[in-house]
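In this note's numbering, the protein residues as written are 1 to 206. Ideal Cβ placement from N, Cα and C applies to all residues, glycine included. Only a predicted model underlies this, so the values are computations on that prediction, with no experimental measurement involved. Just below is one structure, and these are the notes that go with it.
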Ligand code: SAH
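Here it is in structure tokens:
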């Protein structure tokens, strides 16, 4: 499946029924997800992929459509329910996909995989949220691909901080793409940033 087919598949999936601001729930836009996952597929040899904060399943389902065996961890049972429906819907087009959604807090994840691919909470509501996700990802795999929020005003500072955070844990970090996308109205409390948000795509390698 190429990136444009993947984008179409993912664009048909349902979003959060009732987004929870505290959990920073928003769906990765299908075009961003397709490009991001394509890079992951091209760079990783193994087949086991973990998605942390899998939400409504966009990244998990997309990764499975590219051939990965996927475990998606998500705290919110309502989101998992939507993800399961999305999985069933996608499978009508693709045939069986190897995805398991597991309800868990990211801090309780105890797993091993070839790669983690994730779009965690931005850490706007809770400053440490994305760092807790990174920490968890580093415990699961030697290769981590992550979409992390990067406000334009603080871009260099944020990148420097993330690189140091990774380096202290034995990981090299590179930013391989920067995406800008519109946040849904459910996140309009982000005032200044409500219109468009910048997201850096990171590749971490141990
Ligand atoms: N990865 C999905 C959803 C991104 S939104 C996508 O790309 O579309 C971030 C997700 O992280 C939400 O689904 C939210 O419920 C989940 N989340 C937030 N805090 C969490 C935690 N502590 N443990 C597990 N999941 C969490």
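Pair within 8 Å by beta-carbon distance, residue i and residue j
{"i": "residue 64", "j": "residue 108", "result": "no"}
{"i": "residue 37", "j": "residue 62", "result": "yes"}
{"i": "residue 221", "j": "residue 200", "result": "Outside the displayed span of the chain (1 to 206) sits residue 221, for which this structure offers no information."}
{"i": "residue 34", "j": "residue 13", "result": "no"}
{"i": "residue 24", "j": "residue 129", "result": "yes"}
{"i": "residue 39", "j": "residue 181", "result": "no"}
{"i": "residue 71", "j": "residue 50", "result": "yes"}
Coil, strand or helix - residue i by DSSP
{"i": "residue 39", "result": "helix"}
{"i": "residue 158", "result": "helix"}
{"i": "residue 148", "result": "strand"}
{"i": "residue 94", "result": "helix"}
{"i": "residue 201", "result": "strand"}
{"i": "residue 44", "result": "coil"}
{"i": "residue 51", "result": "strand"}
{"i": "residue 207", "result": "This structure gives no information on residue 207, because the portion of the chain shown stretches from 1 to 206."}
{"i": "residue 24", "result": "coil"}
Cut-off 6 Å between Cβ atoms - residues of its own chain near residue i, not counting five sequence neighbours on either side
{"i": "residue 48", "result": "69, 113 and 114"}
{"i": "residue 147", "result": "119, 199 and 201"}
{"i": "residue 41", "result": "66"}
{"i": "residue 172", "result": "205"}
Own chain, CB closer than 7 Å to residue i, minus 5 neighbours either side, in chain order
{"i": "residue 52", "result": "73, 106, 109, 116, 118, 120, 133, 136 and 137"}
{"i": "residue 15", "result": "27 and 56"}
{"i": "residue 80", "result": "74, 101 and 103"}
Per DSSP, the bridge partner or partners of residue i
{"i": "residue 172", "result": "205"}
Checklist entry - What beta strand (DSSP E) runs, 3 residues minimum, are completely inside the region 54-132? => result Under the rule that a run must span 3 or more residues, the beta strand (DSSP E) segments found entirely inside the region 54-132 read 69-74, 99-103 and 115-118.
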